[in-house]
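Protein chains in written order, with the numbering used here: chain A, 912 to 1158; chain B, 567 to 867. Here is the structure we will look at, set down as structure tokens.
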Amino acid sequence: MNRVAAIGGAELLLLWRNRLALFNALILPPAFGLLVGPQLAEAGLDAAGGAALAAAMIGFILAVVVYYNLVSAYVARREELSLKRLRAGTANAAEILAGTASPAVTIALAQSLLTITVVAVTLDLPLPANPLLLAAGLCGGVAMFVVLAAASAIVTRTVEAAQITTMPMLIACFLGAGSFFPLDALPGPVQDVFALLPLAPVIDLITMGWTGTAPLADAVRPLLLLAAWLAAGVLITRQWFRWEPRR
Amino acid sequence: MTQAIEVRDLRRRYGGPRGFEAVKGISFDVARGELFALLGTNGAGKTSTMEIVEGLDRPSAGTVRLLGKDPFKDRAGVRPRIGVMLQDAGFPADLTVAETAKMWSRTLPSPRPVPEALELAGIGHRAGVRVKQLSGGERRRLDLALAVLGRPEVLFLDEPTTGLDPESRQHTWHVIRDLLVSGTTVLLTTHYLDEAQSLADRLAIMNDGTIVTTGTVAQVVGAYPARISFSLEHGSDIPDLPGGPTIARDGGDVVIKTDALQATLGALLRWADDQHVMLHRLDARSASLEEAFLTIAGSDS
């Protein structure tokens, strides 16, 4: 745990000194919220609509702050050979990856809680009915995007290339979450495929956890789907993650 | 007393069963408190060997014991007790020297104070400077500071003075000698033969994945003959000389190799005096590590 904190502390300094990453982590999500939030709130949202709005916002935070930032961070540390140096020390693979992720994870969790608070207060919504389910969706989503970032770093050769290699996942996430247009408008089979994309179970669980209207049995499918994406990311990372640049 | 490092029949093959075999069955021991140097040309297998002993990589065959443990399987038990300086390592460009060392020290069980480690490695005066502003030699010294930060029992140095100016090399040698005095075991690779000759208790010369020769510097060098060279006026014959030398003659140029330098050279000089023969450009020298190394490294090219 000390080692994770040590690596995380250094990474926090590096984030503070990297303007682009800092903008993506601290400015972009609130800006997105300020842009989209008021319009939706004016439309007069009920509890379910408010929960869905918060969930979509959290999805954006996870995709940008956790996923995109971490692909860049893992690739940058690998290419400057500092991952290789860390591998020669006392920290093991999981500690190095978790330590590097810890500032982004902390910021994303803080922003998510802030989002929930702001949405609840402005729309005068009740507290989440099933906070455990909401927390499972949020924390599971964070963990999933950390390992998916590590997996994406495998195919990303430079920090600049991260802008391209993260595209498929980001587009898939926003399409699958219904952030751009309602999924109901799509043909049934396409809807079924979109519902399998990584962000979909996270949004489902957060919405369900907040409203508490769906029967608990309905949560089993998104929980399993989230676990499957998490497991896939872990397996790919364990098998193919590179600690030094290709020669 | 147990050995700090025991390597037995070590092999490392890259890229599957038909891949390139970088290490082809080597064995050596390093006693506690000893400096053992691995020498060899590029591609001889030195760094592959280092990485396996450090536990960064697993052997294809054979066994490695580091402080009595398997360094790959028991990395948690071994790592806190060793220090590693890789041949090519990096640090985040936007951290300062002190921040980098501070981070590293927080991963260690009982580290030296950061300023002490930085001073030891000769980088203390650059503590507040960002890594991206360091010269190549200064990065090597930062790397050395991290390697010694945890008061390691075994220190791995992969070409520690490559890229350093002569003064910095001397400083690094001084640091290594002090660590040896305090009981640290060191496994070193180097391209500089004077470095090995100056620091090593024992050494091994590797070529093409195997250890060609191993022993103390005196033992390795002792296996090679001394060399006398000079140039003769044409027509002169060279007499029979004691010490069983081999004599090669190319026009006026003569090279004599002998295992008994004093006897052979003495007889040669007396003969030249008696016959009033001038030995132009006379040069006589004992075998050096360089000669042993070049003989071995050149044997397959």
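Virtual Cβ for every residue (Gly too), placed ideally from N, Cα, C. It should be emphasised that the depicted structure is a prediction, and the values quoted were computed from it without experimental measurement.
Item	Value
Residue-chain proximity (VAL1068 (chain A), chain B), Cβ-Cβ < 9 Å	The residue asked about is misnamed: residue 1068 (chain A) is Arg in this sequence, not Val. Chain B, which has no Cβ nearer than 9 Å to the Cβ of ARG1068 (chain A), makes this no.
Proximal residues of chain B, C-beta to C-beta of ARG930 (chain A) below 9 Å	None at all; the shortest Cβ gap to chain B is about 11 Å.
Proximity of LEU1086 (chain A) and TRP1140 (chain A) at Cβ, strictly below 9 Å	no
Strand pairing of LYS635 (chain B), partner residues [DSSP]	B:LEU632
Segment limits, beta strand (DSSP E) that includes LEU1107 (chain A)	Premise fails: LEU1107 (chain A) is in no beta strand (DSSP E) and is neither H nor E.
Coil, strand or helix - GLY609 (chain B) by DSSP	coil
Among B:LEU807, B:THR607, B:GLU620, nearest to ALA713 (chain B) - alpha-carbon criterion	B:GLU620
Cβ neighbour criterion (16 or more within 10 Å) applied to GLN785 (chain B)	exposed
For ALA814 (chain B), the nearest candidate out of B:LEU807, B:LYS823, B:ASP806 (CA to CA)	B:LYS823
9 Å Cβ cut-off: residues of chain A touching PHE657 (chain B)	GLU991, LEU992, SER993, ARG996
Assigned secondary structure, GLU1071 (chain A) (DSSP; H/G/I helix, E/B strand, else coil)	coil
Per-residue DSSP class, three states only, for THR830 (chain B)	helix
Secondary structure of MET912 (chain A), DSSP reduced to three states	coil
Bridge partners - GLN569 (chain B), DSSP secondary structure assignment	B:ALA597
Any C-beta of chain B under 9 Å from that of ALA974 (chain A)	no
Min CB distance ALA570 (chain B) to chain A below 9 Å	no
Under the three-state DSSP convention, the category GLY585 (chain B) falls into	coil
SER867 (chain B) - DSSP class collapsed to helix/strand/coil	Residue placement at SER867 (chain B) is flagged as unreliable, the pLDDT there being 42, under the threshold of 50; the coordinate-derived value follows with that caveat. Coil, per DSSP.
Contact list for ASP654 (chain B) against chain A, beta-carbon separation under 9 Å	LEU992, LYS995, GLU1155
SER867 (chain B) at chain A interface by Cβ criterion, 9 Å	In this prediction, SER867 (chain B) scores a pLDDT of 42, lower than 50, which makes its location untrustworthy; no coordinate-derived value is stated.
VAL741 (chain B) beta carbon less than 9 Å from that of ALA570 (chain B)	no
Closest Cα partner of ALA588 (chain B) within the set B:GLY582, B:GLY609, B:LEU604, B:ARG631	B:GLY609
Completely contained alpha helix (DSSP H) runs for the segment 730-812 of chain B, where each covers 4 or more residues	732-747, 759-765, 783-788
8 Å CB neighbourhood of SER878 (chain B) in its chain, flanking five on each side removed	Lying before the first or after the last residue shown, residue 878 (chain B) is absent from chain B, which here runs from 567 to 867.
Within chain B, partners of THR1001 (chain A) - CB distance below 7 Å	ARG645, PRO646, THR673, LEU674
Status (buried if at least 16 other CB within 10 Å, exposed otherwise) for ASN913 (chain A)	exposed
Positions along the segment 703-736 of chain B whose CB lies within less than 8 Å of some CB in chain A	ASP709, LEU712, GLY716
Bridge-paired residues (DSSP) for GLY649 (chain B)	B:LEU721
Neighbouring residues, chain A, relative to LEU661 (chain B) (Cβ below 7 Å)	ALA921, LEU924, LEU925
Rounded separation between GLN1074 (chain A) and GLY1144 (chain A) - CA only	20 Å
Proximal residues of chain A, C-beta to C-beta of TRP837 (chain B) below 8 Å	Ordered by position in chain A, no residue passes the 8 Å Cβ test against TRP837 (chain B), which lies about 58 Å from the chain.
Residues that DSSP places opposite LEU1097 (chain A) in a beta bridge	Answer by DSSP bridge pairing: none, since LEU1097 (chain A) is not bridged.
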